[in-house]
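Below: one structure, written as structure tokens.
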Amino acid sequence: NLEASLPVTVDTTSTSIEVLKVDGNYTETVLSGAKFVLKNSAGNYYAAKDAQGHLITTTEAANISDTDIDSLKEVVWVDSQENATVLTTDSNGNVNFAGIEKATGYKLVEIEAPDGYNRLVDPFSVTFTDEDNAPAYIAAQAVVPNYSGSTLPSTGSTGTKIFLAIGLTLAIGAYVVFITNKRMENYE
């Protein structure tokens with residue numbers, strides 16, 4: 049059983065991260081339609097610029113890769129997720145964040161899950177490490193699972209505690225009024 053919160057360590061000297069989105073219960077089932085942004089260790093987001101130098105903020109394309117290098121001018125890191133490039137998994141469950149430097153602390157943030165699946169709550173970590181005999185360029189791969197079904201509502205939050213306190217206060221008040229009325233009846 050795959051856990052979305054486990055970090056993926058990739059021994060590579062890659063300058064891209066390839067993501068494969070799968071069903072968490074049936075890992076041979078790939079999922080299309082998941083939307084991701086990439087975050088670096090400084091808390092900034094991946095943003096690709098087109099040949100005219102404009103940020104590509106949303107794209108239905110799954111890949112910004114070497115084959116699209118003519119349309120990709122550069123990759124920059126932006127402060128807000130709203131300005132980040134959003135990549136959507138294709139029919140093979142793939143997205144490719146290309147043009148990045150080898151570094152540690154990358155996190156995939158799922159901003160929309162495929163239809164019928166739950167969005168990942170925590171970012172999915174990807175880490176590059178050095179290895180003496182690694183090829184000069186090889187893409188890092190991260191298998192990211194999603195699970196279907198409904199999610200349970202959050203319990204124990206502040207709102208729940210307030211309702212509990214009000215309910216207990218009303219119950220104690222009702223008990224005091226009841227006992228007082230009983231004593232008054234017995235006194236008469």
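Here our numbering is used: the first residue of the sequence shown is 49, the next is one more, and so on. All C-beta atoms in this analysis are idealised placements derived from N, C-alpha and C, irrespective of residue type, glycine included. As the structure is a computational prediction, the values presented were derived from the model and not from experiment.
Check, Outcome
"Given this structure, state the Cα-to-Cα distance separating Leu-135 from Gly-207, to the nearest angstrom.", "36 Å"
"Let me know the secondary structure DSSP gives Ile-159 once reduced to three states.", "strand"
"Go to Ile-148, then tell me how far its alpha helix (DSSP H) extends in each direction, as first and last residue.", "Segment: none, Ile-148 is in no alpha helix (DSSP H) and carries neither H nor E."
"Could you tell me the alpha carbon to alpha carbon distance between Val-225 and Pro-162, rounded to whole angstroms?", "55 Å"
"Express the C-alpha separation of Val-143 and Asp-59 in angstroms, rounding to a whole number.", "Confidence in Asp-59 is poor, its pLDDT being 34 and thus under 50, which makes the residue's placement unreliable; the coordinate value appears in the next sentence. Whole-angstrom Cα-Cα distance: 20 Å."
"Please state the DSSP three-state secondary structure of Ala-96.", "strand"
"In the DSSP assignment, the beta strand (DSSP E) including Val-243 goes from what residue to what residue?", "Outside the modelled stretch of the chain, which goes from 49 to 236, sits residue 243, for which no answer is possible."
"With a Cβ-Cβ cutoff of 8 Å, do Tyr-154 and Trp-125 count as a contact?", "no"
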